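One structure is given below, encoded as structure tokens.
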Amino acid sequence: MNILHISAECYPLAKVGGLADVVGALPKYLQALNTNSSVIMPYYNTAFTKKNSFKEVYKNTLQLGNTSFEYSVLLLPKNVLGFDLFCVNIPNLLYQDYVYSNNDTERFLAFQIATLDWIITLDKKPDLIHTHDHHTGLIPFMISECYKYEVLKNTPTVLTIHNAQYQGWFSHDKVGLIPPFNFNNVGLLDWNGVINPLASAIKCAWKVTTVSPSYMEELKQKANGLENLLSHEKNKCLGILNGIDSKVWNTETDNYIIKKYSIKTSKSGRQANKKWLCKEFNLDINKPLFAFIGRLVGEKGADLFPEIFLNALKNKDLSILLLGSGHKETEEKLINLKSNDNFNAYIGYDEKLSHIIYAGADFLLMPSRVEPCGLNQMYALRYGTMPIVNKIGGLKDTIIDINDNGYGICHEGVTVDNVHKAIIRATNFYKNQTKYTENSKEMMSIDNSWHNSATEYLNLYKSLKQ
Ligand code: ADP
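Those letters in the sequence shown? Residues 66 to 531, by the numbering used here.
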């Protein structure tokens with residue numbers, strides 16, 4: 066079976082969040098299950114595209130309403146990433162230094178049209194098309210409704226919702242940008258009076274998955290306006306937990322970290338990474354180190370961080386290190402907080418630093434209000450860092466509290482007080498170093514790799530090809 070993933074992000078070419086990690090890993094693990102799997106994404110101006118040579122395999126002009134754009138499809142062959150990576154290059158439109166901007170309707174529509182225009186020219190067309198999030202959400206509609214893609218009508222489509230908060234809304238004034246289709250079915254594009262690519266994909270895809278079973282259930286109650294639609298379409302929806310790429314996230318081979326380690330050598334290995342972090346960020350190595358990595362947005366509970374951290378720092382016997390960027394007001398408050406002892410922050414994105422934090426911090430804070438799957442907690446487990454999580458979405462599906470014979474610390478609901486109490490439980494747990502180290506080793510032995518999840522996706526694909 067030939068699967069084509071269509072996505073706005075794919076690690077290592079372009080990563081903003083978990084979407085990139087998933088699209089960069091799932092195809093590799095499908096290949097290992099003898100399922101040919103490739104990815105098509107926009108060609109951006111990133112360190113990775115600058116460093117690697119791509120081969121042009123197709124060239125054409127696409128029509129976006131009255132405007133035409135020259136574009137090409139570039140290929141990075143299988144031997145580099147473990148799967149064929151195709152990129153759509155539309156100079157001046159997609160090819161930018163950034164992945165997302167405030168004005169992406171035209172960019173991602175052009176990407177989707179270019180992709181489908183190219184697919185219909187292929188001798189060997191994909192057996193199944195897997196789209197990810199709203200940026201590629203119009204693909205299922207265009208396949209089923211646009212006259213020029215008629216040849217793909219029987220190709221099954223799967224949508225994975227990585228995050229339902231963002232839906233890609235745009236006005237019906239722009240409907241003319243979509244290639245001609247049977248206008249009687251324009252309702253398939255609409256949700257609440259606007260064109261909603263994510264809603265359209267939920268209506269038109271053959272199957273819809275979310276990145277954890279709990280998130281699927283939660284979306285029926287709270288999905289930024291799509292609750293009724295998801296409840297209505299529940300029979301074609303299912304949750305499949307993401308895995309982690311244990312080839313990339315491997316403490317024994319990770320070139321980003323300061324000292325590599327196995328389960329056996331984890332105590333000294335983790336200590337060396339912590340030592341580097343504490344030196345770099347002027348923190349005391351003898352205190353338990355709490356860390357956060359991620360986007361500074363409300364979904365992650367980031368608006369509460371300044372208050373949570375101030376509260377926690379009253380206890381002089383712990384340190385906090387944050388890596389992230391996002392909401393400007395939160396960033397500023399966190400920068401101001403740096404004048405406190407025992408706190409430091411790197412405002413920005415740094416892949417290497419994130420790996421060292423997973424390897425060297427003692428606890429990883431994830432007080433998310435919404436967490437579709439969450440990869441950070443699984444990376445933390447793999448690297449032996451104890452996660453402290455709000456029991457929601459994928460966090461609920463992957464972390465068991467120490468008081469329930471588990472290995473993490475869970476709280477219910479995101480308030481300053483709840484997170485504070487969880488931090489106190491953590492500092493108390495840390496006092497017994499023998500128990501802490503045992504727990505850390507136990508976490509490292511948990512298998513959250515993609516193998517199981519890829520098998521579930523494969524079963525889903527097979528069920529659509531019968
Ligand atoms: P989301 O996709 O909602 O941002 P996930 O937990 O699914 O959250 O994935 C986040 C991914 O992005 C992880 O690989 C995490 O390490 C990485 N990440 C997030 N912010 C940063 C940052 N500032 N620097 C480095 N890596 C980051």
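Think of the CB as a built atom: it goes at the ideal place given N, C-alpha and C, for glycine as much as any other residue.
Since the structure is predicted, the reported quantities are computational estimates derived from the model, not experimental observations.
- Around the Cβ of isoleucine 71, a 10 Å sphere holds 16 or more other Cβ atoms; the residue is buried.
- For phenylalanine 173, the closest of Leu129, His476, Gln286 and Lys379 by C-alpha to C-alpha distance is Leu129.
- In this structure, the ligand ADP has no non-hydrogen atom nearer than 7 Å to the beta-carbon of tyrosine 321.
- Taking C-alpha positions only, valine 479 is separated from histidine 237 by approximately 38 Å.
- Selection Ala337, Ile208 and Asn405 evaluated against isoleucine 322 yields Ala337 as nearest (Cα-Cα).
- With respect to the 8 Å criterion, leucine 399 and isoleucine 412 are classified as neighbours on the basis of their beta carbons.
- Residue range 498-509 is occupied by the alpha helix (DSSP H) that includes methionine 508.
- Per DSSP, cysteine 75 lies in no alpha helix (DSSP H) and is assigned neither H nor E.
- Collapsing the DSSP output to three states places glycine 359 in a strand.
- Under the three-pair Cβ rule at 8 Å, the stretch 430-438 counts as touching the stretch 360-373.
- Our two residues, isoleucine 489 and leucine 354, have alpha carbons roughly 13 Å apart in a direct line.
- Taking a C-beta distance under 8 Å as the contact criterion, serine 333 and threonine 316 do not qualify as a contact pair.
- Look at phenylalanine 246 here: in three-state DSSP terms it is strand.
- The C-beta separation of phenylalanine 206 from leucine 254 comes to about 6 Å, placing the pair in contact by the 8 Å criterion.
- Distances from the CB of aspartate 349 to the heavy atoms of the ligand ADP are all 7 Å or more.
- Distance from tyrosine 163 to histidine 516 at the Cβ level is roughly 34 Å; contact not present, criterion being Cβ atoms closer than 8 Å.
- Rounded to whole angstroms, the separation of the alpha carbons of alanine 179 and serine 133 is 11 Å.
- Runs of the beta strand (DSSP E) lying entirely within the stretch 172-256 and spanning at least 3 residues, in chain order: 193-197 and 222-226.
- Under the 8 Å Cβ criterion, the stretch 219-232 counts as touching the stretch 289-296, having at least three qualifying pairs.
- If you ignore the 5 residues before and after proline 191, its C-beta comes within less than 6 Å of the C-beta of Asn67 and Leu69, all in its own chain and listed in chain order.
- A distance criterion of 7 Å places the beta-carbon of serine 419 in contact range of the ligand ADP, judged by its closest non-hydrogen atom.
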